[in-house]
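Residue numbers (our numbering), protein chains in the order written: chain A, 17 to 257; chain B, 12 to 149. The C-beta atom is built at its ideal place from N, Cα and C for all residues, glycine as well. Structure first, commentary second.
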Amino acid sequence: MKDARPDSLPSHEVSVIVPTLNGARFIAETIASIVAQTAAPGEIIVVDDGSIDETASVARSAAPCVKVIRTQGLGPAGARNAGIGIAIGRFLAFLDHDDLWVPEKLAVQTALLDSDPEIDICLGMIRSFQDGPHAAERKWLGEPVPGYLTITMLARRTAFERIGLLDQLRPFSDSAEWLLRAEDAGLRVKMLDQELTYHRVHDRNHSRLNGARSRAEFLDLARRRMSHAPQAGARTPQPCT
Amino acid sequence: MMEQPPSLAQGYRLNEPAVITDQIDGEWVIMNLANGAYYGLDAVASCLWQSLLSGETPLVAGRVIAAHFEVPEERVAADIATFLAQLLDEGLLIAGSALPELVARGENRVPAAPYATPCITRYADMTRLLALDPPLPA
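As structure tokens, then:
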């Protein structure tokens, strides 16, 4: 992405990865929220994981700088990994095709990672919303909550190099599993007490359409955590006495 | 903490939809989606958990356990009362009849090991991670 700002700005070293599947309905607004960042990213990569709608053309039309790559049935985590594979940025950020960032999201997070080399991963608060009949009639659903999710994350590329990619076999719990793996490996994770991402709740949400599978995946993740020796500081088992 | 010991003569059921549980690779896992805590059970606790989910009262489940391990019913009943109080304190069970779809869930294997006080272990390392996912059942 070219603009008048000097290339030395840390935000220009951010690659934004947008996994999508049949996201034509929302992806233009999602890309607009990336383009509208007060600190522009270096590249926007849309990973179209087999859409049968106009997702790719809508994404390209949303901003000329968007790169669209095509994968087939990798799932959300696999699509993110495919994006990581071609991203050139020193920092990696992710946004799903139906979610939005506040305009300052990348500016706040790149400033933090740029100023504190000890921090590997920066996260932020997230708030859910639902569309009304008109854009101006959006309804907020609850208060902002800590977003331990890829869509709030700005991570150093080195974090992925150290602990590996997202688990492609976990389409629902990939964020949780990766962040636990990062913490177990001693990476430093900073949760900002600032609302940075908006999560759209709608009739086609991936995890809501597959709620039972999503819950089973989290149960499986819990069992795997239990079956390993506790990591120092990573868990607080409290057996009965 | 509960002021009165829980009744062993009545049935209990999973505190749905917030609490989910399943037997994975022979091991019971319980998760409270409301706070992200998850729990593991030892052998005797697993046997009791399965029995309670399938609609048995703690009293009946305790008698089966006591007979199997040849330990006094009074000892098992006291252990079950403590175990049950923990399950209720953690919000994993509530009073009521088992839901039909849970009755046949899992494989109930009476442990071969010597009797030991049933034990539940609580893990809190995922409590921060469950803000949005997984969604509660509709």
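Per DSSP, reduced to three states, the secondary structure at B/E81 is coil, with no helix or strand assignment. By the neighbour-count definition (other C-beta atoms within 10 Å, threshold 16), A/K155 is an exposed residue.
At a cut-off of 8 Å between C-beta atoms, A/I142 counts as an interface residue with respect to chain B. Annotated three-state conformation of A/S191 is helix, per DSSP. Ranked by Cα distance from A/L122, the first of A/G99, A/V161, A/F42 and A/L208 is A/L208. By the beta-carbon neighbour count (other beta carbons within 10 angstroms, threshold 16), B/L95 is buried. In this structure, the beta-carbon distance from A/L212 to A/W117 falls below 8 Å. Beta-bridge analysis with DSSP links A/K121 to no other residue. One alpha carbon belongs to A/P133, the other to A/T126, and they sit about 11 Å apart. For A/F42, the three-state secondary structure derived from DSSP is coil. Residue range T71 to A78 is occupied by the alpha helix (DSSP H) that includes A/A72, with no beta strand (DSSP E) assigned at that position. Within the same chain, Cβ atoms closer than 6 Å to the Cβ of A/T166 are found at F110 and S191, the five residues on either side in sequence being excluded.
Between B/S108 and B/G66, the C-beta gap is smaller than 8 Å, which places the two residues in contact. Straight-line spacing of the CA atoms in A/A175 and A/R240 works out to 22 Å. The DSSP-derived three-state label of B/T138 is helix. Looking only at A/E193, A/E177 and A/R229, the smallest Cα-Cα distance to B/T138 is reached by A/E193. In this structure, DSSP gives B/M42 an extended state, which the three-state scheme calls strand. For B/P17, there are no C-beta contacts with chain A under 8 Å, since the nearest C-beta of that chain is about 15 Å from it. The beta-carbon of A/H215 is placed less than 8 Å from the nearest beta-carbon of chain B. Pairing A/T87 with A/V62 gives a Cβ-Cβ distance that is not under 8 Å.
Taking a C-beta cut-off of 9 Å against chain A, the contacting residues of the segment 129-147 of chain B are P129, C130, I131, T132, R133, Y134, A135, D136, M137, R139, L140, L141, A142, L143, D144, P145, P146 and L147, listed in chain order.
At least one C-beta of chain B is nearer than 8 Å to the C-beta of A/S230. For chain A, the residues of the segment 24-39 of chain B that bring a beta carbon within less than 8 Å of one of its beta carbons are I31, T32, D33, I35, D36 and E38, in chain order.
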